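Convert by adding 6 to the 1-based position in the sequence shown; the result is the number in our numbering. Backbone N, C-alpha and C define an ideal beta-carbon position, used for all residues, glycine too. Given the structure is predicted, the values throughout are model-derived calculations rather than measurements. Input: a single structure, listed below in structure tokens.
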Amino acid sequence: MLYVLIDLLGDVSSADLHTAMEQATRAYWATPGSVTAALRAALTAANQWLMDHNTQASLPERLTGGIVGVVLRGSEAYLAQAGPTSAYIRQAQAIELYPVRDAEPLPLIGTTRALEMRYAHAHLQPGDTLLLADARFGAHTSAETVSSALAQASVEKALENLERLISKGDLIALVAQAAPAGPDQKSTTAAVVAHPIEPSAPMARSSETNAVVVEDGPIIHVAGRPSAAPPALPVSQPTAAGGSPPGGSPPSRSVVPKPRPASAVVETRPIFVERSHEWLAALGTSLRRSVGSLGKAGQLVAQRTTPEGTPLKAPILTRNQTLIMVAVVVMIPIIVGLLVSIVYAQQSMQQTVRAHIAEAQNQITLAAQAVTGKETRQHWATAADEVKQALQQDPQNQAAKQILAQAQAELDKIDNVITLTPVLLWDFKTPGQRHLASQSFSLFVLDRLANQVNRLILNSAGDKLEGNPDPILVPGVTVNNQAPGDLIDFTSLASSINRQANDLVIGHARGLIEYNLSFGLQTVPFGSNTLASSVKRLRSFDGKLYALDPSTQQIMRYEPQGNGYPAAPAAYLAQALPELAQATDMAIDGNIYVALSNGRLLKFKEGRAEPFEVRNLGEPLQEPTIVAIDQNVFDSSVYVVDAALKRIVQLRPDGLFVRQFRAEAGAFDDLQDILVDEQNNRLYVIGKGMLYAVALPPFR
């Protein structure tokens with residue numbers, strides 16, 4: 007037997023309730039497979055109808071609520087819930103509540119096509135009682151109180167007890183009880199409070215679908231949430247055959263389902279064991295018949311193909327031949343079963359894809375009706391997520407592709423996304439771990455893997471190279487008769503009292519090297535200092551060097567003395583900061599900005615943390631890997647590479663969002679470094695061995 011309780015909010019009409027009930031009923035009986043699959047289809051169908059209704063209705067006319075369905079099959083109860091509802095099963099002295107008190111609330115039906123459900127299963131014994139009720143009842147009534155109301159009570163008495171608990175207001179409830187087995191007694195009795203609607207006759211479910219065949223039709227109990235409590239009606243006694251009681255039709259307050267035979271409740275042998283034995287016996291019979299048929303067929307073919315129709319002696323099957331025939335017979339149902347499974351899987355996949363697309367369309371409708379920009383963005387983002395899930399199932403689905411393009415275009419408008427067209431300057435053609443620096447019209451690329459530094463000369467516009475890269479430091483080269491160690495990082499020096507502007511300082515495991523366009527390479531005094539291979543970034547400001555080392559959770563500062571940095575470094579922070587273990591990069595404009603892999607940006611001034619929050623960015627940073635500024639521009643913006651979303655985000659120094667950039671042709675995929683030239687509205691980026699120049703639209 008199937009029971010469904012629907013509890014809807016709003017001004018609900020009888021026609022709406024009847025339609026929702028009819029959708030659930032038809033879907034249940036039309037769905038092949040397991041009871042759970044049929045229950046899922048029933049609840050989904052009711053929700054889909056509500057979604058179709060709500061997308062066409064004004065806000066006050068939209069219908070939402072909860073739905074719970076239960077199937078009683080023999081001694082087993084299968085339960086499915088969507089939206090806020092309450093279900094209780096009392097067995098012996100214990101009572102179970104579905105969902106449990108601290109469970110995460112399920113979304114209201116009628117608000118999303120991607121319906122979330124909960125499932126439960128229980129074995130019933132004679133005297134066990136099932137109660138379905140609306141969510142308000144479950145929220146305001148303790149499980150112990152409900153258990154007392156149902157204890158050792160008939161269905162009618164249980165309903166009376168429940169009504170006394172409510173005292174005032176509405177009670178929407180259904181009670182069913184497993185009755186003790188007897189020769190003239192049915193297995194369950196049931197009654198409901200509210201206004202039930204009789205269902206249409208169910209469609210037959212063929213045994214060929216492996217579905218559970220319920221010989222008695224479903225009884226669907228549907229209840230809206232009335233604006234006032236209905237007048238009290240007497241509870242009728244259930245009839246033995248599920249028809250009208252003597253003396254006329256049953257009152258509207260009680261509906262009795264057609265009961266199942268009592269033996270279904272008191273079986274001591276599990277149903278599936280008997281059916282398994284029957285199935286195995288049938289398979290054995292089938293094999294015997296099939297083998298016999300094959301033997302007769304072989305004999306018949308021989309008789310019809312020999313000259314003059316002379317009959318041949320029937321072939322004697324050897325053991326190996328018999329095994330082959332049995333294997334063939336067994337493989338046929340296995341192959342058929344696999345084909346059926348594939349068809350079901352494809353149908354399920356198509357239904358999932360359609361559901362995601364329908365939900366995306368619904369979110370687009372809601373975006374058009376949204377009041378605030380935040381709500382509009384949320385709906386468009388949800389629409390994009392839905393069709394992305396659809397494309398995971400069906401990558402060639404054109405409808406999903408079109409919706410995704412539409413959603414992405416709208417999100418780009420809301421989020422101030424600018425798509426850039428990079429110009430390829432050079433392809434190094436090999437993997438590497440590369441950083442960028444500049445001097446005037448020269449770009450420098452340091453590759454830690456190749457232990458090499460290359461110089462590239464730009465044209466006057468800064469968008470093309472003049473000639474090929476020139477290696478200025480390669481393995482085997484000595485500087486002042488000293489062989490450099492493994493390269494760590496490098497930085498361009500800004501102007502200061504102690505250092506010449508634009509000199510390039512290269513850090514390696516054994517010390518420092520300076521490169522000047524006029525004098526070339528020369529060693530820099532570094533005392534007994536060394537740079538660890540764990541140093542993530544080397545930056546400079548006002549002649550000082552700063553080394554970010556996540557392994558020590560610290561930033562070390564090197565003060566210039568004469569023409570070098572011979573003194574031991576000082577810790578920039580008063581104490582190690584555990585968050586710096588997740589540091590990915592650092593930029594300096596007097597303040598120090600540090601990017602963390604967990605999506606955060608930190609800001610420090612004179613060794614102390616400063617309040618810093620990224621504001622007005624529609625989609626938060628997910629995986630910042632690079633942070634850069636232009637030291638040659640006063641009050642430069644802060645540029646952050648978000649590797650997860652393949653974008654570069656421009657922020658003001660106080661964290662206010664300005665704009666963000668994406669690139670064509672995957673130029674922002676797996677970026678390893680960026681160089682900012684705000685004076686000339688240009689970015690230089692490198693990733694996957696490709697060096698690009700990117701023109702930036704002027705910022706107003």
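When DSSP labels each residue in this structure, what does I348 get in the three-state scheme? Residue mapping note: residue 348 aligns to position 342 of the sequence shown, counting from 1. Helix at I348.
Please tell me whether I2 and D595 are closer than 7 Å, where the distance is taken between their beta carbons. Shown here, the chain extends from 7 to 706; a query on residue 2 therefore has no answer.
With the cut-off set at 7 Å, would you say L177 and V77 are in Cβ contact? Taking the sequence shown and counting its residues from 1, the one referred to as residue 177 is at position 171. Taking the sequence shown and counting its residues from 1, the one referred to as residue 77 is at position 71. Taking 7 Å as the Cβ cut-off, L177 and V77 do not qualify as a contacting pair.
Please state whether DSSP places A320 in a helix, a strand or coil. Counted from its first residue, the sequence shown places residue 320 at position 314. Residue confidence is low: A320 scores 45 on pLDDT, short of 50, so the model does not pin down where it sits. Its coordinate-derived value is still stated next. Residue state, collapsed to three classes: coil.
Can you tell me whether DSSP reads I12 as helix, strand or coil? In the sequence shown, counting from the first residue as 1, residue 12 sits at position 6. I12 sits in a strand when the DSSP states are folded into three classes.
Rounded C-alpha distance that separates A109 from S92: In the sequence shown, the residue the question calls residue 109 occupies position 103. In the sequence shown, the residue the question calls residue 92 occupies position 86. When rounded, the distance between both Cα atoms is 12 Å.
My understanding is that V721 touches A406, with C-beta atoms under 8 Å, so please give their C-beta distance in whole angstroms. Any property of residue 721 remains undetermined from this structure, which presents the chain solely from 7 to 706.
Mapping DSSP to helix, strand and coil, what is R563? Against the sequence shown, residue 563 aligns to sequence position 557. Looking at R563 - three-state DSSP - the assignment turns out to be strand.
Spell out a yes or no on whether the stretch 451-467 and the stretch 479-499 are touching, meaning 3 or more CB-CB pairs, one atom from each, closer than 8 Å. At 8 Å Cβ cutoff, the stretches touch.
DSSP three-state call for G379: helix, strand or coil? Along the sequence shown, read from residue 1 onward, the residue named residue 379 stands at position 373. Note: G379 maps to helix in three-state DSSP.
H362 burial status per 10 Å Cβ neighbour count (16 or more: buried): Counting from 1 along the sequence shown, the entry for residue 362 is found at position 356. H362 comes out buried.
For the alpha helix (DSSP H) that I635 lies in, which residues bound it at each end? Translated into positions along the sequence shown, residue 635 becomes position 629. Premise fails: I635 is in no alpha helix (DSSP H) and is neither H nor E.
Determine which residues share a DSSP beta bridge with N460 and list them. Working through the sequence shown from its first residue, we reach residue 460 at position 454. Its beta-bridge partners are V451, P477.
Could you check if A387 is buried or exposed, using at least 16 other CB atoms within 10 Å of its CB as the buried criterion? Numbered from 1 along the sequence shown, position 381 holds the residue referred to as residue 387. A387 comes out buried.
Counting Cβ pairs closer than 8 Å, one from the stretch 21-38 and one from the stretch 94-106, do we hit at least three? The answer is no - the stretch 94-106 does not touch the stretch 21-38, with fewer than three Cβ pairs under 8 Å.
Answer yes or no: do A396 and A413 have a C-beta to C-beta separation smaller than 7 Å? Against the sequence shown, residue 396 aligns to sequence position 390. Against the sequence shown, residue 413 aligns to sequence position 407. Contact flag unset, no.
Between N569 and N535, what straight-line distance do the alpha-carbon atoms span, to the nearest angstrom? Here residue 569 corresponds to residue number 563 of the sequence shown, with the count starting at 1. Here residue 535 corresponds to residue number 529 of the sequence shown, with the count starting at 1. Cα to Cα, N569 sits roughly 15 Å from N535.
Using only the alpha-carbon positions, how far apart do P584 and S603 sit? What you label residue 584 is simply residue 578 of the sequence shown in a count that begins at 1. What you label residue 603 is simply residue 597 of the sequence shown in a count that begins at 1. Distance between the alpha carbons of P584 and S603 is about 13 Å.
Complete beta strand (DSSP E) runs within the stretch 633-679 (minimum length 3 residues, chain order): 644-648, 653-657, 663-669
What are the complete alpha helix (DSSP H) segments, minimum 4 residues, inside the stretch 545-598? none
Can you pull the DSSP bridge partners for P630? To locate residue 630, count along the sequence shown from 1; it is residue 624. D648, per the DSSP bridge assignment.
Shortest alpha-carbon distance to L537 belongs to which of L372, P572, S524? Against the sequence shown, residue 537 aligns to sequence position 531. Among L372, P572, S524, the Cα nearest to that of L537 belongs to P572.
Okay, do the stretch 58-77 and the stretch 10-20 touch, 3+ Cβ pairs below 8 Å being the bar? These segments touch.
Whether or not the stretch 425-435 and the stretch 467-476 are in contact is what I'm after, with contact meaning three or more pairs of Cβ atoms, one per stretch, closer than 8 Å; do they touch? yes
Residue from P490, R665, Q183 with nearest C-alpha to G80: Along the sequence shown, read from residue 1 onward, the residue named residue 80 stands at position 74. Considering only alpha carbons, the answer is Q183.
L510 classed as buried or exposed, judged by whether at least 16 other C-beta atoms fall within 10 angstroms: Here residue 510 corresponds to residue number 504 of the sequence shown, with the count starting at 1. L510 is buried by the Cβ-count criterion.
Identity of the residue in F640, L417, Q367 nearest I409 by Cα: Position 403 of the sequence shown, counted from the start, is the residue given in the question as residue 409. Of F640, L417, Q367, the residue nearest in Cα terms is Q367.
If you scan the stretch 358-409 from start to end, which runs of the alpha helix (DSSP H) of 4 or more residues do you find wholly inside it? 379-399
Of the listed residues H59, T371, N403, T42, nearest to Q356 (C-alpha basis): Taking the first residue of the sequence shown as 1, we reach residue 356 at position 350. Q356 has its Cα closest to that of N403, out of H59, T371, N403, T42.
Buried or exposed (CB count within 10 angstroms, at least 16 for buried), T436: For this step, residue 436 is matched to residue 430 along the sequence shown. Exposed.
Our contact map puts A649 next to E629 with C-beta atoms below 8 Å; I'd like the distance itself, whole angstroms only. Indexing the sequence shown from 1 puts residue 649 at position 643. Indexing the sequence shown from 1 puts residue 629 at position 623. The pair is a contact, with the Cβ atoms about 5 Å apart (cut-off 8 Å).
Beta-carbon proximity check, V74 vs L11, cutoff 7 Å: Here residue 74 refers to the residue found at position 68 when the sequence shown is read from its first residue. Here residue 11 refers to the residue found at position 5 when the sequence shown is read from its first residue. Taking 7 Å as the Cβ cut-off, V74 and L11 qualify as a contacting pair.
In whole angstroms, what is the alpha-carbon distance linking D421 and S64? The residue labelled residue 421 in the question sits at position 415 within the sequence shown. The residue labelled residue 64 in the question sits at position 58 within the sequence shown. Their Cα atoms are separated by approximately 29 Å.
Is the beta carbon of V644 closer than 7 Å to that of P428? As a working mapping, residue 428 is identified with position 422 in the sequence shown. As a working mapping, residue 644 is identified with position 638 in the sequence shown. Contact flag unset, no.
Range of the contiguous beta strand (DSSP E) that encloses D495: On the sequence shown, position 489 is the one that residue 495 refers to. Per DSSP, the unbroken beta strand (DSSP E) holding D495 starts and ends at 493-498.
Checking the sheet assignment: what are the DSSP bridge partners for Q131? Your numbering for residue 131 matches position 125 in the sequence shown. DSSP output for Q131 lists no bridge partner at all.
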